[in-house]
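A short write-up of the structure that comes next.
Number of protein chains: 2
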Amino acid sequence: MAKELTSRSENYSQWYNDLVIKADLAENSAVRGCMVIKPYGYAIWEKMQAELDRMFKETGHVNAYFPLFIPKSFLSKEANHVEGFAKECAVVTHYRLKNSPDGKGVVVDPEAKLEEELIVRPTSETIIWSTYKNWIQSYRDLPILCNQWANVVRWEMRTRLFLRTAEFLWQEGHTAHATEAEALVEARKMLEVYADFAERFMAMPVLKGIKSANERFAGAIETFCIEALMQDGKALQAGTSHFLGQNFAKAFDVTFVDKNNQQDYVWATSWGVSTRLMGALIMTHSDDNGLVLPPNLAPFQVVIVPIYKNEEQLAAISTKVDEILPKLKAAGISVKFDNNDTKKPGWKFAEYELKGVPVRLALGARDLENGTVEVARRDTLTKETVSIEGIENYIAGLLQEIQNNIFKKAYDYRTSVTREVNSYDEFKVEIEKGGFLLCHWDGTPETEEKIKDDTKATIRCIPIDGDTTPGVCMVTGKPSAQRVVFARAY
Amino acid sequence: MAKELTSRSENYSQWYNDLVIKADLAENSAVRGCMVIKPYGYAIWEKMQAELDRMFKETGHVNAYFPLFIPKSFLSKEANHVEGFAKECAVVTHYRLKNSPDGKGVVVDPEAKLEEELIVRPTSETIIWSTYKNWIQSYRDLPILCNQWANVVRWEMRTRLFLRTAEFLWQEGHTAHATEAEALVEARKMLEVYADFAERFMAMPVLKGIKSANERFAGAIETFCIEALMQDGKALQAGTSHFLGQNFAKAFDVTFVDKNNQQDYVWATSWGVSTRLMGALIMTHSDDNGLVLPPNLAPFQVVIVPIYKNEEQLAAISTKVDEILPKLKAAGISVKFDNNDTKKPGWKFAEYELKGVPVRLALGARDLENGTVEVARRDTLTKETVSIEGIENYIAGLLQEIQNNIFKKAYDYRTSVTREVNSYDEFKVEIEKGGFLLCHWDGTPETEEKIKDDTKATIRCIPIDGDTTPGVCMVTGKPSAQRVVFARAY
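Order-wise, the sequence lines are chains A and B.
If you read the first sequence in the numbering used here, its first letter stands for residue 1, the second for the next number, and so on.
If you read the second sequence in the numbering used here, its first letter stands for residue 1, the second for the next number, and so on.
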């Protein structure tokens, strides 16, 4: 291999870090906790954005843009919200620098102190609801269905590329409704959109559920979530959709006149996914050889590598490639022809394996004679020689098969490590093995807290499609309405 | 009219402000100088983004993402750059808030002071070149052709929606090259991309030119620009492309080994356009009735308004619309059918006129009988009745005609107010009338400064395609290489 990765069995965490760097996805920057998303990583994020944006628009949403900065006082207006977010944020206190007295640099100009400090948005409920106040008078102004693609900052002490960074990219939907029922429908609808995106595009199976009170978004009445399971048995929260009730409307005094001419507070939702999905994608499918990308999100789905001994052979191969490229593109397949003469085929093979390109075609002189091409699948690492005639149909089918196969592989893995656990002693043993544990819980924050303190496991969600047979809490023996999902999590 | 605008002749500046607000493009936020871009305004910006992004990719560029924050010391590394940008920036000094002693809000936690302050990026040359240092060792690593879509902050004292805001959205390209010649070609190539975009999509004629030293980007060797002329005779810089020489490579010690095994500093360009283009678009085409949008950037190109007296008529019209909608869409035309029953046709006519929808179709009971539809053009405010048979071809042609017509109108206006001026006395009179003045200038910053102090006019550019006949400076009588373009500017 061109670039050696730590193996997953040796050190999963190091494997992840190695892979993010070596596959040119992202790197740490000169600013603590902030990452640089490199072109190859960004190309995957762009694919995610494009699909999500299309899905948001198909469900009636529009994009808008709200300020990066939030006046400090806004954060305090919703009591739970400030508890959740004020403790970890970047604070702008000044608006000017000046030359330093020694002439060797710049210093903050003490005369340019802001009257009120500005917070770099950790999330935008407050600035958006202060704006919505001016947009909403009557039920005729509702619903408002806005989404924003933006950067946000949360001052994390321990950061990891994509999974937890001080600055990250995300989308945040913020909707306003005339009724509680409509807002709840919206929050659930967006949960379905996220689950659909995760499963059909990321090929990542997710559990849909409801967060316990402890894990709820700061300011929400109910938080819906999709939870994925990484290869090391740890869970990863992949997206959340919040029913905010009238909390932010009350905090910012956003009222409307309803059809019966009654004044009421507006109902709200918010929902978001972030560049954290990149981490989830990597840890769902990749292997010791590098990335494995789902065809539906790969920057290019097919790479063609010519195998040649001299310029004449390369020319003949290039002529053949020029014939098949338009056919592949017409079939909706994205292709790169790597005819870079400064790298050997072996180097290229390893490079595209590392970068997770779903299908590699190798084309040599003998293939030209035989009318064949060697097709290698990234997911199974298998190779076969097929006829170059009709290759576009073959590849189109193969890409679909790869997409299905990696989903199935992840799904089967998840199934294999999801099990019911009925006693707390058993739980303490099983949690060390990873995976999702389905357990009865008495519904109290105290018990949840105790389990977390004892085992580092958290309730990932109360599953929406789960078994609803009641039982007794594995810790306290008190009644439990249904099994909930425990795991250690990223 | 539903919403009265100030007329342009009465107060151009007020007309602009009114229009931005009333056409739902943007508004001021609770944060001084920061705007909210509303969904209709953002939809236009998204169209701009999509076209520019496509053009950047077609010219070999890739997207990436670099941190929002820049360590303060980075700004000082390029001497001219810090002079240009350090004076107006948002400074992050702390990373945490805490509950205030009175329990009524939050205050900055004095214990969470950053060792080195972070600047919210006003532009990203410094953070990007500190990153490129790790990406570049050899000529084989070059060129690097990255673009970033991002928000930036410049602490402007006097702000105007889109034209000058503390936070704005933009793209910034940052490229690295092995040779001076290649970097110069890149800077010129992106100037051509910008000009092409402005003229073909925005329908806005631009002058391509070179900035004088006074107007050059802080840190550039040469700044290329496109300059547009607004309806009030003032110029607007619509895009810039900078040849940065080796300035940033030297500041951040970015060297490479060339093909001859010699170490050299890397050559750089940067180039950007911003949401300021929204202001340019508005002020190039719009009129006293509202926005006029070029069909190539309109969120929807056609609106269909039904004219009916009862539900039966509406149903019959809707049936007909259902027939023609797919035909229009198949012809690549974006359409909105406004069957909202709570608004009258007259209200809708005014609303879509205000919002600049290029073509309005009105369809009534008599039209159904006659197989006709009323077609209204936003650019000329003319109406005609045409056959509904083959309407998609008619509209496709009409949209192209509107796109051409508004470009021609803007071009003819610019031509009518562009003239040669040969004496400084004449200049002082003519500059009051607005427009582009082509004048001889001795090439010195001092003369340029004097003209600016006397008349508020600046050199917009030394035109690339201009008349290169030498002459004598209108102020000093010293030799002038060619006429340059003066105007008052936004």
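Heads up, the beta-carbon is just placed ideally off N, CA and C, and yes, glycines get one too.
A quick note: this is a predicted structure, and the numbers were derived from the prediction, not measured.
(message) Is there a C-beta anywhere in chain B that falls below 8 Å from the one on C146/A?
(response) yes
(message) Out of T275/B, F66/B, L328/B, which one is the CA nearest neighbour of G397/B?
(response) L328/B
(request) Identify the continuous alpha helix (DSSP H) that holds S29/B and give its terminal residues. (result) No alpha helix (DSSP H) contains S29/B, which DSSP labels as neither H nor E.
(request) Round the Cβ separation of K234/A and G434/A to the nearest angstrom and send it over; I've been treating them as touching at under 8 Å. (result) 6 Å
(request) Helix, strand or coil for A2/B, going by three-state DSSP, please let me know. (result) Bear in mind that the predicted position of A2/B carries a pLDDT of just 46, short of 50, making it too unreliable to give a figure here.
(request) Step through the CB atoms of chain A and report whether any lies within less than 8 Å of the CB of M1/B. (result) The pLDDT assigned to M1/B is 43, lower than 50, so where the model puts this residue is not dependable, and the model offers no usable value.
(request) Tell me Y65/A's beta-bridge partners as DSSP assigns them. (result) I37/B
(message) Here's a check: name, in chain order, each residue in its chain whose Cβ is nearer than 7 Å to the Cβ of A213/B, leaving out the five neighbours to either side.
(response) P445
(request) Could you list which residues in chain B have their beta carbon closer than 9 Å to that of V108/A, in chain order? (result) K72, V91, T93, E117
(message) By the three-class DSSP mapping on this structure, what secondary structure does W441/A have?
(response) coil
(message) So G105/A contacts chain B; which residues on that side make the cut at Cβ distance below 7 Å?
(response) S73, S76
(message) Residues of chain A with CB closer than 7 Å to the CB of K247/B, please, in chain order.
(response) Note that residue 247/B corresponds to Asn in the displayed sequence, not to Lys. Per Cβ cutoff of 7 Å: no residues; N247/B is ~17 Å from chain A at best.
(message) Our contact map puts P122/A next to V82/A with C-beta atoms below 8 Å; I'd like the distance itself, whole angstroms only.
(response) Their Cβ separation, rounded to whole angstroms, is 11 Å, which puts P122/A and V82/A out of contact at 8 Å.
(request) Measure the alpha-carbon distance for C473/A versus R483/A and round it to whole angstroms. (result) 9 Å
(message) Tell me the rounded alpha-carbon separation between T269/B and A150/B.
(response) 18 Å
(message) Quick test of your reading: V273/A and F162/A, contact by CB under 8 Å. State the CB separation rounded to the nearest angstrom.
(response) Their Cβ separation, rounded to whole angstroms, is 12 Å, which puts V273/A and F162/A out of contact at 8 Å.
(message) So for I304/B, helix, strand or coil by DSSP?
(response) strand
(message) With DSSP as the reference, identify every bridge partner of I44/B, one or two as the case may be.
(response) Answer is none; I44/B lacks a bridge partner.
(message) Determine, for A492/A, whether the minimum Cβ-Cβ distance to residues of chain B falls below 8 Å.
(response) Outside the displayed range of chain A (1 to 490) lies residue 492/A, so it cannot be described from this structure.
(request) Output yes or no for whether 8 Å exceeds the beta carbon distance between V266/A and L142/A. (result) yes
(request) Indicate the three-state DSSP secondary structure (helix, strand or coil) for E449/B in the structure shown. (result) helix
(message) Can you look up K343/A in the DSSP assignment and give me helix, strand or coil?
(response) coil
(message) How far does the alpha helix (DSSP H) with T284/B in it extend, from its first residue to its last?
(response) 276-285
(message) Let's test the definition: count the other Cβ atoms within 10 Å of the Cβ of A79/A and tell me whether it reaches 16, buried, or not, exposed.
(response) exposed
(message) Pull the bridge partners of K336/A from the DSSP assignment, please.
(response) V303/A
(request) Per DSSP, which residues does K98/A bridge with? Please list them. (result) V107/A
(message) Quick check: the Cα distance between A2/B and D18/B, rounded to an integer number of angstroms?
(response) A caution first: A2/B carries a pLDDT of 46, below 50, which makes its placement in the model unreliable, though a value can still be read off. Whole-angstrom Cα-Cα distance: 13 Å.
(message) Just to confirm my understanding: we take S241/A, look at its own chain, exclude 5 residues before and 5 after, and list those with CB closer than 6 Å. What are they?
(response) A187, M190, L191, F224, W271
(message) So, for I70/B: in the same chain, excluding its five sequence neighbours on each side, which residues have a beta-carbon less than 6 Å away from its beta-carbon?
(response) I119, R121, T126, I127
(request) Give the interface partners of W347/B over in chain A, defined as CB-CB distance under 7 Å, in chain order. (result) Result: empty, since nearest Cβ-Cβ is about 13 Å, beyond 7 Å.
(message) Residues of chain B with CB closer than 8 Å to the CB of K38/A, please, in chain order.
(response) A64
(message) My output table needs one value for G219/A: the three-state DSSP class, helix, strand or coil.
(response) coil
(request) Determine the extent of the alpha helix (DSSP H) in which F197/A is found, giving its start and end residues. (result) 180-200
(request) Kindly indicate which three-state DSSP category A487/A falls into: helix, strand or coil? (result) strand
(request) Report buried or exposed for G103/B, applying the criterion of at least 16 other Cβ atoms within 10 angstroms of its Cβ. (result) exposed
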